[in-house]
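Enquirer: Here it is: the structure, laid out below.
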Ligand code: GDP
Ligand code: IMO
Ligand code: MG
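In this note's numbering, the protein residues as written are 1 to 424.
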């Protein structure tokens, strides 16, 4: 089992943090490959609950090393705060956390430009997390980004920031009518990260590939979800990276041939935070009920998550592009009290029944989800750890999903805590 990848199969917040923390017990290294502090991964055990944004969700497991790969965009302020939090909790970070020298940095102007752009978008705001993610990836691909390695040389860093700021301040002021950034203060702030981040900076690709040769097991932790992928998601209402399986190779530098396990994390219903199409959304009391029972509020921004029924058309699509070898189905307990549960099995588009997930917004706006209705189990299954202890209706629900997708489920989560899990 050289590389396993954990991937959100929906629009994020499927419970990746919980599952990565759990699987970390059996691996040597956990590595984040894309996204940044837009992610909010919750980890719970006993009476403890923590949310991680940048540090991989394996950090609380003894003996596990953590990598932040080249594909991640790093906000050094958020990074240092998170390192401080984990250290204060009594966990070693130095010597266990390795940050790629090639990763790009989020700068204060990225957040300001993002805020201004959201106001300017004529197709409506994306509803981003405001963490500067989009503009940082734009700079990366425009080849004007500033990377972790640049922090090591004060003169280079100063020159790069000065060169970049000229353009950025002109854009902020002249195009968006927004406030300019104080360049000197910014340089002052960023040169200080040199000393702070230095102990963690590593050639992580070399580290990971060497570890593979030594027979170590790596778990790659995706952030966001497949339907937020910039190529395969509900564009333009997506994030600016590749949460799907290909992102693991480009974001870490591990070869695709090293991946032998692709774990799709499936929430037992659907949620989405931010704007954009959501065919099975329940914009009614039922949706409100799911939000309340599932505590569906963003781990990063606190925004209420939009809720709806499970969408197998969408899941079949994300399973296809990622090649899921197994599923982990989370939050089954949230459905405990429902009389009936619906599952979307087809879409109707212009009078025709389809199973293809349309990629264009006009079609997605028109699709009418077709549901089957299954009886609920109407009994609290929170904390069940044994498949046979699940009510027959719950087992039928899970079997229907795995049969439809033709992918087995190896993990079923019945509560937020590490120990509230069925492992098959
Ligand atoms: P991630 O971004 O995919 O890591 O997911 P988040 O942490 O943003 O959101 C998932 C939320 O559901 C968190 O509050 C978790 O503690 C919680 N959670 C995860 N698995 C389960 C589960 O099986 N049951 C319940 N009730 N909560 C869960
Ligand atoms: P985790 O890893 C859910 C959403 C935002 C917005 C869109 C673009 O916790 O599952 P961005 O700030 O990335 O430019 O915002 O993507 N989004 C997420 N939604 N979970 C996340 O991460 C998300 N990260 C970004 O709400 O709709
Ligand atoms: Mg989250």
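Don't be surprised by glycine CBs; every beta carbon is placed ideally from N, CA and C.
Every value quoted in this text rests on a predicted model; they were computed, and no experiment measured them.
Check whether the Cβ atoms of residue 181 and residue 137 sit closer than 7 angstroms, and answer yes or no.
Expert: Not in contact: residue 181 and residue 137 (Cβ atoms no closer than 7 angstroms).
Enquirer: Spatial neighbours of residue 212 within its chain, please: CB distance less than 8 angstroms, with the 5 preceding and 5 following residues excluded, ordered by chain position.
Expert: Result list for residue 212: 2, 3, 218, 254 and 258, in chain order.
Enquirer: What is the DSSP secondary structure of residue 110, counted as helix, strand or coil?
Expert: Three-state DSSP puts residue 110 in a helix.
Enquirer: Compute the minimum distance between the beta carbon of residue 13 and the heavy atoms of the ligand MG, and state whether it is under 6 angstroms.
Expert: Residue 13 Cβ: within cutoff of the ligand MG.
Enquirer: Taking 7 angstroms as the cut-off, decide whether the C-beta atoms of residue 278 and residue 305 are in contact.
Expert: No. Outside cutoff.
Enquirer: Cβ of residue 386 versus every heavy atom of the ligand GDP: is any distance shorter than 6 angstroms?
Expert: The answer is no for residue 386.
Enquirer: Using the Cβ count rule (16 or more neighbours within 10 Å means buried), how would you classify residue 229?
Expert: Counting Cβ neighbours within 10 Å, residue 229 comes out buried, since at least 16 surround it.
Enquirer: Count the C-beta pairs between the stretch 50-65 and the stretch 233-253 that are closer than 8 angstroms, then say yes if the count reaches three, no if not.
Expert: No contact exists between the stretch 50-65 and the stretch 233-253.
Enquirer: Jot down the residue ranges of each uninterrupted alpha helix (DSSP H) in the stretch 374-415, minimum 4 residues, whole runs only, in chain order.
Expert: Counting only runs of 4 or more, we get 392-405.
Enquirer: Check this for me: beta carbons of residue 133 and residue 240, under 7 angstroms apart or not?
Expert: Contact flag set, yes.
Enquirer: With a CB to CB cut of under 6 angstroms and the five nearest residues on each side skipped, what residues in its chain are close to residue 139?
Expert: Cβ within range, chain order: 145.
Enquirer: Please return the same chain residues whose Cβ sits closer than 7 angstroms to the Cβ of residue 232, not counting the five positions on each side in sequence.
Expert: So the qualifying residues of the chain are 226, 244 and 321.
Enquirer: Beta-carbon separation of residue 268 and residue 332 under 7 angstroms?
Expert: Result yes, Cβ atoms of residue 268 and residue 332 sit closer than 7 angstroms.
Enquirer: Taking the continuous alpha helix (DSSP H) assigned at residue 78, which residues delimit it?
Expert: 76-88 is the span of the alpha helix (DSSP H), which, as asked, contains residue 78.
Enquirer: Between the stretch 334-353 and the stretch 33-50, do three or more beta carbon pairs fall short of 8 angstroms?
Expert: The stretch 334-353 vs the stretch 33-50: no contact.
Enquirer: Using the three-state DSSP reduction, which class does residue 318 fall into: helix, strand or coil?
Expert: Looking at residue 318 - three-state DSSP - the assignment turns out to be helix.
Enquirer: Where residue 149 and residue 171 are concerned, what is the direct C-alpha to C-alpha distance, given to the nearest angstrom?
Expert: Rounded to whole angstroms, residue 149 to residue 171 spans 26 angstroms at the Cα level.
Enquirer: Return yes when the C-beta of residue 416 is under 6 angstroms from any heavy atom of the ligand GDP, and no when it is not.
Expert: True, at least one ligand heavy atom lies under 6 angstroms from that Cβ.
Enquirer: What are the start and end residues of the alpha helix (DSSP H) that includes residue 17?
Expert: Taken as a continuous stretch (DSSP letters only), the alpha helix (DSSP H) holding residue 17 covers 16-23.
Enquirer: Taking C-alpha atoms, which residue in 405, 71 and 60 lies nearest to residue 102?
Expert: Out of 405, 71 and 60, 71 has the C-alpha closest to the C-alpha of residue 102.
Enquirer: Counting pairs of Cβ atoms below 8 angstroms between the stretch 20-33 and the stretch 122-132, do you hit three or more?
Expert: No contact exists between the stretch 20-33 and the stretch 122-132.
Enquirer: Between which residues of its own chain and residue 196 is the CB-CB distance below 7 angstroms, once the five residues before and five after are set aside?
Expert: Cβ within range, chain order: 80.
Enquirer: Given 6 angstroms as the limit, tell me if residue 299 has its C-beta closer than that to any heavy atom belonging to the ligand MG.
Expert: Yes, the ligand MG has a heavy atom inside 6 angstroms of this Cβ.
Enquirer: Could you tell me the alpha carbon to alpha carbon distance between residue 355 and residue 120, rounded to whole angstroms?
Expert: Using only the alpha carbons, I get a separation of about 35 angstroms.
Enquirer: What's the C-alpha gap between residue 45 and residue 236?
Expert: Distance between the alpha carbons of residue 45 and residue 236: 37 angstroms.
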